[in-house]
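If you want our numbering, it's the position in the sequence shown, counting the first as 1, plus 1.
Positions of the beta carbon are idealized from the N, C-alpha and C atoms, including for glycine.
Just so we're clear, the structure is a prediction, and the values are computed from it rather than from any experiment.
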Amino acid sequence: MGLRLLASLFHLPTAVIYGSLSLFVSILHNVFLLYYVDTFVSVYKIDKLSFWIGETVFLIWNSLNDPLFGWLSDRVFLSTQQAGAEISSPEVVLKRLRALSQNGPLFAISFLSFWVSWAHPGLQFLLCLCMYDSFLTMVDLHHNALLADLAVSAKDRTSLNFYCSLFSAIGSLSVFMSYAVWNKEDFFSFRVFCVLLALCSIAGFTLSTQLLRQRFQADGKAKWDQESTLKELYIEKLSVPQEKRITLAEYLQQLSRHRNFLWFVCMNLIQVFHCHFNSNFFPLFLEHLLSDQISVSTGSFLLGVSYIAPHLNNLYFLSLCRRYGVYAVVRGLFFLKLALSVVMFLAGPDQVYLLCIFIASNRVFTEGTCKLLNLVVTDLVDEDLVLNRRKQAASALLFGMVALVTKPGQTFAPLIGTWLLCVYTGYDIFQRNPLNNVVSAQPKLESAAALEPTLRQGCFYLLVFVPIMCALLQLLSWSQFSLHGKRLQVVKAQRQSLTQGQAPEVKTI
């Protein structure tokens, strides 16, 4: 029975095994996002200064480690392309899989470090965040890089992304399961639950990477035998050009000339900002716009839908990508975001059911757009390889550079959101009685009071105007992005030709 199960696992499609890696990340990461702050604040009693110091250091490290790890991983691939060199060989894929097989279990172990008190709360908070994010970054970089290395055609990459979304949706169920064991007073059951999740993740990473490595080791061995045979017959040229190693400064200069990369990161910076804005202010919108008009169970349902629906919705978006292309689908989602926001603004804050639909759909569509953008990055990897004639596709490094430019949007979202709310309404979420400021700011005259913005109106305007401004700026930058249609087909054709390479000259026998 066991041998039959192993045989069936070995014959699973590559896309399914690749997608399953998302499951072993999401079952841990969703629980981490939901509970790590509450654990340190309510259970470990971390002080405010230590908390903000840890968050500040974490934000800096979170932005810098993506390009750092990407550079350490892919700097060897930046040399100039030579005739007959491979572009996406099994050796490159095996390198990514080795990194995943090592960092995946370490990521699961770092997840467990949050739920046991082993040092001063401030020190543990800082060390746990940086360690967890380091291993998560390594896993994400190599997993995303495989999306560009395993396939070149849009259809194959869409299939890979489809299974990632499917398994991520399944992994989101760990959030619902965690509610049954979460108890601040008695932490034992939650710790056992986290250990079980970590063991599942470790076993999953080990098994999935081993299956993929066996598959590509067979391909790599066959290719090595063929190359070693041809090497004996290869006519060496009198002057073999030395490959040119690219420095970091030269690579950054190349990126600064990569027009589509620049327009994409501008658009993606706004998208990351909007995604985290929705996440940060989702509870605030529910509290001040809907709390007195919907039940607690309805609010919990909206919160749960906002976690799992983006993954399920992305399955439909990917089917649209196969038919119309990623560029057209993303542009359509921007227009949809703009249209829904305008309709909600015209309807006003008193349309309760429409407001519920808008708050949920705004988060779902925004998160869904974020998950589609990895496909655009893989196209940029192809264009970067063709434009600069790389020896190999530096996919992990390009994903890291995208993260470097766009991750500040995570920090801007709460800062700009709270500032706008405070300026417009006088409501300061960091004060114990922030509503007193709003009341005291009201003028005595009734006519002036009617013009004075209330907290509810301020939340409503923040809810609708932020998506409107984001959509307009994104449509502007996305209209300048030219890597679609015929240009994308030309780039992929050139990448395919480079991948196939040219056969070495053979002595006449």
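### Query
For Ser276, which option in Thr370, His259, Phe189 and Leu334 has the closest C-alpha, if you only look at C-alpha atoms?
As a position in the sequence shown, residue 276 is number 275, starting the count at 1. The question names Ser, but residue 276 is Cys in the sequence shown. The residue with the shortest Cα to Cα distance from Cys276 is Thr370.
### Message
Only counting the same chain, and skipping five residues up and downstream in sequence, which positions put a Cβ closer than 6 Å to that of Gly205?
### Response
Along the sequence shown, one-based indexing puts residue 205 at 204. Contacts found: Phe25.
### Query
How do the stretch 171-180 and the stretch 397-405 stand: do at least 3 beta-carbon pairs fall below 8 Å, yes or no?
no
### Task
Using the Cα positions of Trp183 and Asn31, report the straight-line distance between them to the nearest angstrom.
Counting from one through the sequence shown, the residue named residue 183 turns up at place 182. Counting from one through the sequence shown, the residue named residue 31 turns up at place 30. Going from the Cα of Trp183 to the Cα of Asn31 covers about 14 Å.
### Query
For Val350, which residues from the same chain have a beta carbon less than 6 Å from its beta carbon, with the 5 sequence-adjacent residues on both sides left out?
Within the sequence shown, residue 350 is the residue found at index 349, counting from 1. This sequence places Pro at residue 350; Val is not what is there. Scanning its chain for C-beta atoms nearer than 6 Å, with the 5 sequence neighbours on each side dropped, one finds around Pro350 the residues Phe461, in chain order.
### Query
Secondary structure at Thr207, three-state DSSP: helix, strand or coil?
As a working mapping, residue 207 is identified with position 206 in the sequence shown. Three-state DSSP puts Thr207 in a helix.
#### Entry: Uninterrupted beta strand (DSSP E) stretches inside the stretch 62-122 (no shorter than 3 residues)
Fully contained in the stretch 62-122 is no beta strand (DSSP E) run of length 3 or more.
### Message
So, at 6 Å on beta carbons, what are the nonlocal neighbours of Phe282 in its own chain, with the 5 sequence-adjacent residues on each side left out?
### Response
Along the sequence shown, read from residue 1 onward, the residue named residue 282 stands at position 281. Once the five neighbours on either side are set aside, the close Cβ partners of Phe282 are Gly418.
### Query
From Ser426 to Ala155, what does the alpha carbon distance come to, in whole angstroms?
Here residue 426 is taken as the residue at index 425 of the sequence shown, counted from 1. Here residue 155 is taken as the residue at index 154 of the sequence shown, counted from 1. Note on residue identity: the sequence assigns Thr, not Ser, to residue 426. If I take the Cα positions, the gap works out to 47 Å.
### Task
May I ask which residues mark the beginning and end of the alpha helix (DSSP H) holding Ala394?
For this step, residue 394 is matched to residue 393 along the sequence shown. No alpha helix (DSSP H) contains Ala394, which DSSP labels as neither H nor E.
### Task
Taking 8 Å as the threshold, find out whether the stretch 379-387 comes into contact with the stretch 117-130 through three or more Cβ pairs.
no
### Query
With distances taken from CA atoms, which of Met132, Phe335, Ser342 and Ser257 is nearest Asn389?
Within the sequence shown, numbered from 1, the residue matching residue 389 stands at position 388. Put simply, of Met132, Phe335, Ser342 and Ser257 the residue whose alpha carbon is nearest the alpha carbon of Asn389 is Ser257.
### Query
Can you tell me whether DSSP reads Gln503 as helix, strand or coil?
The residue given as residue 503 occupies position 502 in the sequence shown. Per-residue confidence for Gln503 stands at a pLDDT of 39, beneath the threshold of 50, marking its modelled position as unreliable; the derived number appears in the next sentence. Residue state, collapsed to three classes: coil.
### Message
Give me the residue from Val266, His312, Val77 and Val140 with the minimum Cα distance to Ala394.
### Response
Taking the first residue of the sequence shown as 1, we reach residue 394 at position 393. Closest by alpha carbon: Val77.
### Query
Can you tell me whether Gly486 is buried or exposed, with buried defined as 16 or more other CB within 10 angstroms of its CB?
Residue mapping note: residue 486 aligns to position 485 of the sequence shown, counting from 1. So Gly486 ends up on the exposed side.
### Task
Taking only the alpha-carbon atoms, compute the straight-line gap between Leu381 and Ser190 and give it to the nearest angstrom.
Within the sequence shown, the letter at position 380 stands for residue 381. Within the sequence shown, the letter at position 189 stands for residue 190. Their backbone Cα atoms lie some 46 Å apart in a straight line.
### Query
What beta strand (DSSP E) runs, 3 residues minimum, are completely inside the stretch 154-209?
none
### Message
Given this structure, state the Cα-to-Cα distance separating Leu422 from Leu463, to the nearest angstrom.
### Response
In the sequence shown, the residue the question calls residue 422 occupies position 421. In the sequence shown, the residue the question calls residue 463 occupies position 462. Separation of Leu422 and Leu463 (C-alpha to C-alpha, rounded to the nearest whole angstrom) is 7 Å.
### Query
Among Trp116, Pro14, Leu373 and Ala310, which one has its Cα closest to the Cα of Arg332?
Walking along the sequence shown from the start, residue 332 turns up at place 331. For Arg332, the nearest C-alpha among the options comes from Leu373.
### Task
Taking all protein chains shown into account, decide if Ala449 is buried (16 or more other Cβ within 10 angstroms of its Cβ) or exposed.
Here residue 449 refers to the residue found at position 448 of the sequence shown. Below a pLDDT of 50, predicted positions are generally treated as unreliable, and Ala449, at 36, falls in that range; the measurement from the model is reported next regardless. Exposed, because fewer than 16 other Cβ atoms sit within 10 Å of the Cβ of Ala449.
### Query
Among Ser23, Thr57, Lys185 and Thr138, which has the Cα closest to the Cα of Tyr36?
For the purposes of this step, residue 36 is identified with residue 35 of the sequence shown, where counting begins at 1. Checking every option, the nearest Cα to that of Tyr36 belongs to Lys185.
### Message
In this structure, how does DSSP classify Gly326 when only helix, strand and coil are distinguished?
### Response
Residue numbering aside, residue 326 sits at position 325 when the sequence shown is read from its first letter. Residue state, collapsed to three classes: coil.
### Query
What are the boundary residues of the alpha helix (DSSP H) that includes Gly486?
Residue mapping note: residue 486 aligns to position 485 of the sequence shown, counting from 1. Looking at the DSSP string, Gly486 is not in any alpha helix (DSSP H), and its letter there is neither H nor E.
### Query
Roughly how many angstroms separate the alpha carbons of Met345 and Leu356, rounded to a whole number?
As a position in the sequence shown, residue 345 is number 344, starting the count at 1. As a position in the sequence shown, residue 356 is number 355, starting the count at 1. Distance between the alpha carbons of Met345 and Leu356 is about 7 Å.
### Query
Hey, Ser21 and Phe163 are a contact pair by Cβ (cut 8 Å); roughly how many whole angstroms apart?
Here the question's residue 21 lines up with position 20 in the sequence shown. Here the question's residue 163 lines up with position 162 in the sequence shown. Going by Cβ atoms, the distance from Ser21 to Phe163 rounds to 13 Å, so no, they are not a contact pair.
### Query
From Gln490 to Arg324, what distance separates their C-alpha atoms?
Reading the sequence shown from its first residue, position 489 is the one you call residue 490. Reading the sequence shown from its first residue, position 323 is the one you call residue 324. Straight-line Cα distance between these residues: approximately 15 Å.
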